[in-house]
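Colleague: Below are the structure tokens for one structure; questions will follow.
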Amino acid sequence: MKIALLGDIHANLPALEATLTDIEREGCDHILDTGDLVGYGPFPNEVIDLLRRHHIRSTLGNYDRRVFRFGEKPGKDRKLLAKDPLKYATIKWTRESLSPKNLDYLHALPSSQQPIFGGMRLLVVHGTIDSIKEGLRSDTPEARLEELSHQITGDIVVCGHSHDPFIRRVDSTWFVNTGSVGRSSDGDYRAAYILAEIANRKFRGEIRRVEYDLERLLIGLRHAGLPEEFAAMFQKGVHLSAVTGESLEFQECHGQA
Ligand SMILES: [Mn+2]
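According to numbering that gives the first Met the number 0, the sequence shown is numbered sequentially starting from 0.
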């Protein structure tokens, strides 16, 4: 049985479309999503519509949650604006752009899923069972994974959030991070997902990277009037702080000259 494990799409429609084409070519039986459907990208409605059309089972991510909570507590929103104006900009824009139907869809996403495939129990979360915002990485100490493995009953933990794809095994538990379909941060703009095979209680996984139409994404960003830093982030495949750090550095150098 082939299963595609993906997540952190972040409203990047061209990346999701290219990934689904690759998944179809591989002939997957199921697709599971670790969440963060929206945030930063200019296609939140299109991404949710496509996921729904393909009956992809999504999990709640921290951006999904922040978007539907936006406006609930004005003090919290003001705090976000002061601390992280770019994050605030994308949350506000996404909230205002989403159709009521798709906002309801985000609201109804489960914070975890526990499907069983080929006799193996999966636990799908955005971060970890402890926190939606805990990002497991390829270099997360093994002791932390061990600790988490003792808290669960599953055979395979499928997570996202860190945008750092990996497949690791600690004792008898597999930890799989899907990486990010829409907003990779390892310097390679391409989409990432995991192609998994489960048979006779055996798991095998492969990290896939998929090219997509970056230009179409950049045009979408411009049309939406989203901050220019987002375009640089997607284009370079880096974390947002890397491009804002760069532009600050540039301004400083410029100032001195
Ligand atoms: Mn996240």
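By construction, the Cβ of each residue, glycine as well, lies at the ideal position given by its N, Cα and C atoms. This structure is a prediction, so every number in the text was calculated from the model and none was measured.
Can you find at least 3 beta carbon pairs, one from the stretch 175–184 and one from the stretch 31–42, that sit closer than 8 Å?
Modeller: These segments touch.
Colleague: Considering only the alpha carbon of each residue, which of C27, A10, K91, A14 lies closest to K1?
Modeller: Measuring from the Cα of K1, the nearest candidate turns out to be C27.
Colleague: Please determine, among N11, P43, L216, the residue with the shortest C-alpha to C-alpha distance to K91.
Modeller: Looking at the Cα atoms, P43 is the closest of the given residues.
Colleague: Spell out the partners DSSP gives D28 in its beta bridges.
Modeller: Per DSSP, none; premise fails for D28.
Colleague: For P84, which residues of its own chain have a beta-carbon under 7 Å away from its beta-carbon, when the five flanking residues on both sides are left out?
Modeller: Excluding residues within five positions, none has a Cβ falling inside 7 Å.
Colleague: Grab me the residues of Q255's own chain with a C-beta within less than 7 Å of its C-beta, minus the 5 sequence neighbours each way, in chain order.
Modeller: Residue confidence for Q255 is low, a pLDDT of 35 falling below 50, so the modelled location carries little weight; the figure read from the coordinates is stated next. Nothing meets the Cβ criterion.
Colleague: So, does the stretch 7–26 touch the stretch 208–224, judging by three or more C-beta pairs under 8 Å?
Modeller: The stretch 7–26 vs the stretch 208–224: in contact.
Colleague: Quick one: residues in its chain with C-beta nearer than 6 Å to the C-beta of K132, no 5 flanking neighbours on either side, listed in chain order?
Modeller: Same-chain partners within the cutoff: N61, G126.
Colleague: Can you tell me whether A10 is helix, strand or coil according to DSSP?
Modeller: Residue state, collapsed to three classes: coil.
Colleague: Could you tell me whether the stretch 45–55 touches the stretch 96–105, using the rule of 3 or more Cβ pairs below 8 Å?
Modeller: The stretch 45–55, when compared against the stretch 96–105, does touch it at the 8 Å Cβ threshold.
Colleague: Does the structure place the stretch 191–199 close enough to the stretch 4–12 that three or more beta carbon pairs sit under 8 Å?
Modeller: In short, these stretches touch, since the Cβ pair count reaches three.
Colleague: Are at least three pairs of beta-carbons, each pair with one atom in the stretch 113–126 and one in the stretch 143–157, less than 8 Å apart?
Modeller: Touching, yes.
Colleague: So, are the CB atoms of S130 and T58 less than 8 Å apart?
Modeller: Contact: no.
Colleague: On the DSSP letters alone, give me the boundaries of the beta strand (DSSP E) that G224 sits inside.
Modeller: No beta strand (DSSP E) holds G224; DSSP gives it neither H nor E.
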